Structure formats: structure tokens, C-alpha cells
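Visitor:
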Amino acid sequence: MPDHTHHVRLLRELADLLETQAEPTDDPFTPHPDTQAVIQSRHTVRGQLNYAVPETLQLQRRIRRYNADSGIPHGDIVTLALDTFLRAKGYPPEPASTTA
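Taken in order, the sequence shown gives residues 570 to 669; the numbers are from the numbering used here.
1. With burial defined as no fewer than 16 other Cβ atoms inside 10 Å of the residue's Cβ, what is the status of Thr-648: buried or exposed?
2. Quick check: what's the CA-CA separation for Leu-628 versus Gly-644?
3. Please classify Thr-604 as buried or exposed, where buried requires at least 16 neighbouring CB atoms within 10 angstroms.
4. Helix, strand or coil: how does DSSP classify His-575 here?
5. In three-state DSSP terms, what is Ser-610?
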């Protein structure tokens with residue numbers, strides 16, 4: 570009998586990747602449920618993300634204004650925006666089983 574172990578492993582990896590994809594919604598800016606869960610967890614390890622961005626876009630000012638209007642912390646605003654953008658472009662996070 571042929572050994573299908575390799576194919577089974579590939580299918581499991583594919584299934585894991587498909588689970589990280591967001592389900593289409595009416596609002597393209599709806600955060601992925603996994604991202605929401607990570608942000609809401611008190612035990613989430615956080616790292617600093619530093620990138621130079623064009624000052625003309627006034628991103629820092631806009632983030633502060635959005636924070637004032639929504640109460641969402643600055644880091645969570647950046648997290649939600651980047652995660653939503655990268656998932657939409659086809660770059661979801663790797664499944665936890667492969668990153669451990």
C-alpha cells in the first residue's frame with residue numbers, strides 16, 4: 570500500500586492556511602476574528618514596530634484622532650489596519666502549528 574503521509578501533511582497545512590483566511594464580509598475592513606481575539610487577550614506578547622512613513626499622510630495625527638473617537642489603543646489601530654491589509658493581499662499569519 571502506498572505511503573500517503575506526505576500528502577496528508579500537505580493537506581493539513583493547506584487546511585490550516587485556509588482557516589487563517591478571512592471570510593468575505595460586506596465590509597472589507599472587518600477585522601479577522603483571530604486578530605480580534607489576539608488583541609483582546611491580556612497575555613499577548615507585543616513587539617515594537619518602527620517604520621518611517623511619509624509625514625505628508627499625517628498618519629500619526631490620524632491615528633490619534635481615531636483613538637480619540639473610538640477609544641481603541643494606538644497599537645491596536647495599527648495592528649488591525651496592517652493585519653486586514655496583509656490578509657487581503659494574500660499574506661495571512663502562519664498557522665500556530667507551523668510557527669511553534
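Glycine is no exception: its CB is placed at the ideal position from the N, C-alpha and C atoms. The structure presented is a predicted model; accordingly, all values stated were derived computationally and were not measured.
Guide: According to the data block:
1. Numbered from 1 along the sequence shown, position 79 holds the residue referred to as residue 648. So Thr-648 ends up on the buried side.
2. Taking the sequence shown and counting its residues from 1, one reaches residue 628 at position 59. Taking the sequence shown and counting its residues from 1, one reaches residue 644 at position 75. If I take the Cα positions, the gap works out to 13 Å.
3. Sequence index remark: in the sequence shown, residue 604 carries index 35 (1-based). Only buried fits Thr-604, as 16 or more other CB atoms lie within 10 angstroms of its CB.
4. By one-based count along the sequence shown, residue 575 stands at place 6. DSSP, read as helix, strand or coil, puts His-575 in helix.
5. Counted from its first residue, the sequence shown places residue 610 at position 41. In the structure shown, Ser-610 adopts coil according to DSSP, grouped into three states.
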